[in-house]
Amino acid sequence: MPTFRSDEFKIAVLLSALLIAVLGPSIASATLGEPEITVQTDVAKLSASIKSSQDRAGYRVHEIQLPTGTVLREFVAPGGNVFAVAWHGPSKPNLRQALGKYFDTMVSAPKSKYSDRRHVHIQQGDLIVEGSGHMRALSGRAYLASAVPSGVNLGDLH
Amino acid sequence: MAVMRAIRMSLVVALGLSAIACGGGGGTTVSSSSSGSSSGGGSTSSSSSSSSGSSSSSGSSSSSSSGSSSSSGSSSSSSSSSSGGTGTTNVVSVIVDQGPSGNSVNTLFTSVTVCVPGSTTSCQTIDHIQVDTGSYGLRILAPVLTLSLPLETLTNGSSLAECTQFVDGFSWGPIALADVKIAGESASSVPVQVIGDSRFTNIPSNCSGTGGTEEDTVAKFGANGILGIGPFELDCGDCDTTTQGLYYACATTCTETVVPDTMQMPNPVTHFATDNNGSIIDLPAVAATGAVTLSGSLIFGIDTQSNNQSGTQTVLTVDGNAELLMTYNGQTLANSFIDSGSNGIYFTDSSIATCTTSGLTSFYCPGNTLTLGLSIQGQNGVTANNLTFNVGNAQTMLMNNPTFNVFPELAGTNPNPGSFDYGLAFFYGKRVAVAVEGDKTSAGTGPYIAF
């Protein structure tokens with residue numbers, strides 16, 4: 015993967031925000047499982063800003079600073095699609111935006127009889143959602159198991 | 033504003049008078065297994081016996097899972113027993129039982145009395161309020177609330193509502209004002225949330241978009257309410273200056289808003305007239321296999337009365353997220369915490385087998401019970417070394433004793449590999465103090481946790 019210059023990405027974000035404003039709903043507002051361009055859709059829709067974009071071995075990660083103080087990270091596979099999103103902060107991000115078409119799958123997943131308010135483990139087909147924490151400090155991630163590039167350590171996706 | 037202040041002052045005076053009228057308890061000493069007062073269970077007096085707790089009280093499963101009880105005028109209704117000598121009665125009983133949903137495990141409950149502000153007759157005592165050191169504020173499920181509490185309004189006339197976020201879901205409802213009375217303690221005109229209020233049914237999409245379960249019914253919430261008594265004063269750090277997706281101003285529609293600190297949801301203990309610098313949870317030990325119920329005490333104040341002295345407790349200050357450093361298996365885990373609102377011991381160890389039964393796959397199921405080591409360090413550098421905890425086979429313990437609700441060895445995986453979440457099991461057999469930020473005790477200044 016080529017090195018990614020953050021200036022370029024910021025310009026791209028501005029351009030895409032403009033595009034979204036012009037094209038409106040004709041651009042899919044989704045991210046998990048969608049092309050990298052939707053990272054910029056998220057940034058615009060969440061009134062957020064890109065904090066950093068970094069190439070790691072086997073994937074690229076965009077770190078998005080939300081105005082709420084929460085940090086959202088979106089992980090992009092070499093093929094160009096978002097395969098994971100992760101968050102931590104005082105509140106959860108709008109996951110309807112960040113999970114796109116997988117949001118309903120997450121919400122309708124059955125809950126363990128013994129679950130509490132501090133943890134969530136969801137596995138519905140290819141979608142895995144995990145969360146932990148407590149009031150004022152919540153963290154979690156969602157990923158598509160089959161889309162995780164080979165060699166990537168799941169422990170690094172946070 | 034001056035009018036508001038005058039009203040509040042008169043409330044404080046009135047409450048002070050009523051507290052005097054109700055008497056300050058009779059100097060009984062508190063033991064860890066203090067029985068007596070009505071606890072979360074309402075009818076579960078049988079379980080409040082001694083500290084053994086093992087399989088004894090099979091008959092005690094009669095505890096009502098109903099909602100509220102009564103609406104007596106007297107503030108003393110929720111607690112008969114003890115105070116630490118000459119002061120206000122500062123002890124209320126707590127119980128671990130099956131809860132209103134019928135399937136709670138390792139979940140601690142108590143009873144709370146709420147009154148319409150300023151009234152001594154429009155009051156209601158509600159049982160099965162979860163006691164939670166991992167959150168802040170008193171939240172009550174609307175279906176169990178028979179009182180009509182006044183709603184908080186912003187200066188523009190909008191009502192204030194909150195999207196309370198938990199890891200597994202969210203709760204939505206307005207912020208109201210109530211006088212909160214627990215044991216002999218009183219807090220006047222405190223913001224409390226009414227979850228699932230039928231007047232606030234349009235959940236903003238940014239709230240429902242946080243995902244997970246909508247926990248707006250007793251069944252979904254697993255309690256009639258929750259009493260958040262963690263080590264901070266408020267449920268949000270910066271909501272007075274930035275919108276954090278928590279507070280909403282509601283007129284015809286609801287929009288995110290900033291909120292003055294005084295209108296945000298507080299740890300209600302910080303609003304008590306006395307004994308307001310923290311809380312102590314005192315629970316007896318329990319047999320390794322567990323128990324049907326476990327009863328103990330919630331004591332208000334630290335070093336304010338003879339029954340809440342710090343003594344030689346180990347004091348660990350917590351960081352800005354109320355977290356501690358725990359070291360497990362050679363790894364230092366920076367996002368760790370001790371939490372009465374977690375129902376297990378949650379940590380990452382890929383060498384321990386997880387359960388295979390559906391619904392239990394995030395819990396550990398080792399072949400034999402494991403005894404493991406742990407150390408816990410505070411921000412102040414103080415470390416509690418050489419602690420041990422046991423991990424039992426979750427499937428075996430849950431299946432072998434289906435009537436049990438207390439499982440000291442229930443443990444599971446933690447989605448955050450940098451976190452060790454030591455839940456209610458940490459409190460079994462201990463006296464654990466949670467001091468509020470900025471408040472002084474004889475042992476130090478909060479925020480801290482001590483045991």
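Protein sequences, first through last, are from chains A and B.
For the first sequence, my numbering begins at 15 and goes up steadily by one.
For the second sequence, my numbering begins at 33 and goes up steadily by one.
Beta carbons: idealized from backbone N, C-alpha and C, even for Gly.
Everything numeric in this text was worked out from a predicted model, so none of it was measured.
Show which residues of chain A have a CB atom less than 7 Å away from the CB atom of residue i.
| i | result |
| --- | --- |
| T245(B) | K125 |
| Y168(B) | M149 |
| L315(B) | The premise fails here: L315(B) is roughly 17 Å from chain A at the closest Cβ pair, so nothing lies under 7 Å. |
Would you say residue i reaches chain B, if we count a Cβ-Cβ gap shorter than 8 Å as a contact?
| i | result |
| --- | --- |
| A161(A) | no |
| D56(A) | no |
| N108(A) | yes |
| S63(A) | no |
| F117(A) | yes |
| L33(A) | The predicted position of L33(A) is uncertain, since its pLDDT is 46 and thus under 50; a value taken from the coordinates is nonetheless stated next. No, because no Cβ of chain B sits closer than 8 Å to the Cβ of L33(A). |
Taking CB distances under 8 Å as the criterion, tell me whether residue i reaches chain A.
| i | result |
| --- | --- |
| A323(B) | no |
| V137(B) | yes |
| P447(B) | yes |
| S237(B) | yes |
| V464(B) | no |
For residue i, return the contacting residues in chain A, with the cut-off set at a CB-CB distance below 9 Å.
| i | result |
| --- | --- |
| A354(B) | H148, M149, R150, A151 |
| D453(B) | R132, H133, S146, G147, H148 |
| L278(B) | T82, P104, S105 |
At 8 Å on the CB atoms, spell out the chain B contacts of residue i, in chain order.
| i | result |
| --- | --- |
| P81(A) | T274, T275 |
| Q111(A) | G241 |
| G154(A) | V199, P447 |
Which residues in chain A sit within 8 Å of residue i, going by Cβ to Cβ distance?
| i | result |
| --- | --- |
| C268(B) | P104, R150 |
| G260(B) | M149 |
Cα separation between residue i and residue j?
| i | j | result |
| --- | --- | --- |
| S111(B) | F436(B) | Low per-residue confidence applies at S111(B): pLDDT is 41, beneath 50, and the placement is therefore not dependable enough to give any value. |
| T428(B) | C397(B) | 8 Å |
| G410(B) | T178(B) | 43 Å |
| G424(B) | L80(A) | 41 Å |
| G139(A) | Y157(A) | 11 Å |
| G205(B) | S407(B) | 40 Å |
| S67(A) | H76(A) | 4 Å |
| V146(B) | Q156(B) | 5 Å |
| P292(B) | I161(B) | 27 Å |
| D351(B) | S129(A) | 26 Å |
| N433(B) | L315(B) | 21 Å |
| F89(A) | V99(A) | 6 Å |
| K125(A) | Q337(B) | 43 Å |
| G362(B) | L404(B) | 12 Å |
| T153(B) | D211(B) | 12 Å |
| T401(B) | V466(B) | 30 Å |
| P447(B) | T285(B) | 36 Å |
| I64(A) | L152(A) | 20 Å |
| T249(B) | V290(B) | 27 Å |
| V356(B) | G478(B) | In the sequence on display, residue 356(B) carries Leu and not Val. Approximately 14 Å, taken between the alpha carbons. |
| T346(B) | F483(B) | 5 Å |
| D164(B) | G134(B) | 19 Å |
Determine the chain B residues that contact residue i at a beta-carbon separation under 9 Å, and present them in chain order.
| i | result |
| --- | --- |
| G169(A) | T380, P449 |
Relative to the ligand SAH, is the shortest distance from any of its heavy atoms to the C-beta of residue i smaller than 7 Å?
| i | result |
| --- | --- |
| T435(B) | You won't find the ligand SAH in this model; it holds no ligand whatsoever. |
Please confirm if residue i has its CB atom under 8 Å from at least one CB of chain E.
| i | result |
| --- | --- |
| G216(B) | Any reference to chain E falls outside this structure, whose protein chains are A and B. |
Using 8 Å as the cut-off, can you tell me whether the segment 266 to 281 of chain B makes contact with the segment 160 to 170 of chain A, which would need three or more C-beta pairs spanning the two stretches below that distance? no
Can you list, in chain order, the residues of the segment 336 to 360 of chain B whose Cβ is nearer than 8 Å to any Cβ on chain A? N353, A354, E355
Touching by the beta-carbon criterion (3+ pairs, under 8 Å), the segment 264 to 279 of chain B and the segment 243 to 254 of chain B: no
Contacting positions in the segment 183 to 206 of chain B - beta carbon closer than 9 Å to chain A: C195, T196, Q197, F198, V199, D200, G201, F202
Which of the residues in the segment 361 to 382 of chain B, read from start to end, lie with their CB under 7 Å from any CB of chain A? F369, D371, G373, S374, N375, Y378
Using a Cβ-Cβ cut-off of less than 7 Å, give me the residues of the segment 119 to 144 of chain A that come near chain B, in sequence order. M120, V121, K125, S126, K127, Y128, S129, D130, R131, R132, H133, V134, H135, E144
What are the residues in the segment 387 to 415 of chain B lying within 8 Å of chain A by C-beta distance? G391, L392, T393, S394, F395
Any contact between the segment 294 to 306 of chain B and the segment 211 to 228 of chain B? By contact I mean 3 or more CB pairs, one from each, below 8 Å. yes
Quick test of the definition: if touching needs 3 or more C-beta pairs under 8 Å, does the segment 445 to 456 of chain B touch the segment 136 to 150 of chain B? yes
For the 8 Å Cβ check, are there 3 or more pairs between the segment 327 to 338 of chain B and the segment 304 to 314 of chain B? yes
Taking 8 Å as the cut-off, does the segment 104 to 124 of chain A touch the segment 122 to 131 of chain B (at least 3 CB pairs, one atom from each stretch)? no
Indicate whether the contact test is met: 3 or more Cβ pairs, each with one atom in the segment 412 to 423 of chain B and one in the segment 147 to 156 of chain A, closer than 8 Å. no
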